[in-house]
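**Q** Counting in this note's numbering, the final residue of the sequence shown is number 125, and the numbers go up one at a time with none missing.
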Amino acid sequence: MIEINFTEADGNRRILSADPGSTLLNAILGAGIKGIVAECGGGCSCGTCHVHVALDWTGRLPAPADDETDMLSLAEDVTEQSRLACQIRLAPELNGLSVAIPGAA
Numbered sequence: 021m022i023e024i025n026f027t028e029a030d031g032n033r034r035i036l037s038a039d040p041g042s043t044l045l046n047a048i049l050g051a052g053i054k055g056i057v058a059e060c061g062g063g064c065s066c067g068t069c070h071v072h073v074a075l076d077w078t079g080r081l082p083a084p085a086d087d088e089t090d091m092l093s094l095a096e097d098v099t100e101q102s103r104l105a106c107q108i109r110l111a112p113e114l115n116g117l118s119v120a121i122p123g124a125a
């Protein structure tokens, strides 16, 4: 199992667990996290699964594809740490990944 350190919009921190090969979005939805809408169901066509990846993790993720970058250009509170959770495929080397809902305390 992969463990993800997740900060919710209210600042509450949780540890999520997911199987390798699943997406960060699947882990978030499976944990019932509020604030991640995922209107397109993970198809990289809406931007509503926008998260901020902790600075020390951003360089460990593959670069975003053009379609992800396009969707992020429509999101609010975008930073260089912004990613779409549907585009982060979880692998063992991402164990301990830290992410937050944009605007989390």
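Where a beta carbon is used, it is the ideal one built from N, C-alpha and C, also for glycine.
In three-state terms, what does DSSP make of residue 47?
**A** Taking the sequence shown and counting its residues from 1, the one referred to as residue 47 is at position 27. Three-state DSSP puts residue 47 in a helix.
**Q** Flag this pair as yes or no: are the beta carbons of residue 58 and residue 44 separated by less than 8 Å?
**A** The residue given as residue 58 occupies position 38 in the sequence shown. The residue given as residue 44 occupies position 24 in the sequence shown. For residue 58 and residue 44, no; Cβs fall outside 8 Å.
**Q** Looking at residue 110 and residue 38, is the spacing between their C-beta atoms short of 8 Å?
**A** As a first step, residue 38 is located in the sequence shown; it is residue number 18 there, counting from the start. As a first step, residue 110 is located in the sequence shown; it is residue number 90 there, counting from the start. It is a contact, given that the beta carbons lie within the stated cut-off.
**Q** Nearest CA to the CA of residue 90: which residue from 113, 51, 81, 103?
**A** Within the sequence shown, the letter at position 70 stands for residue 90. It is 103.
**Q** Considering residue 88, what are the terminal residues of the alpha helix (DSSP H) in which it resides?
**A** As a first step, residue 88 must be located in the sequence shown, where it is residue number 68. Looking at the DSSP string, the run of the alpha helix (DSSP H) that includes residue 88 is 86–92.
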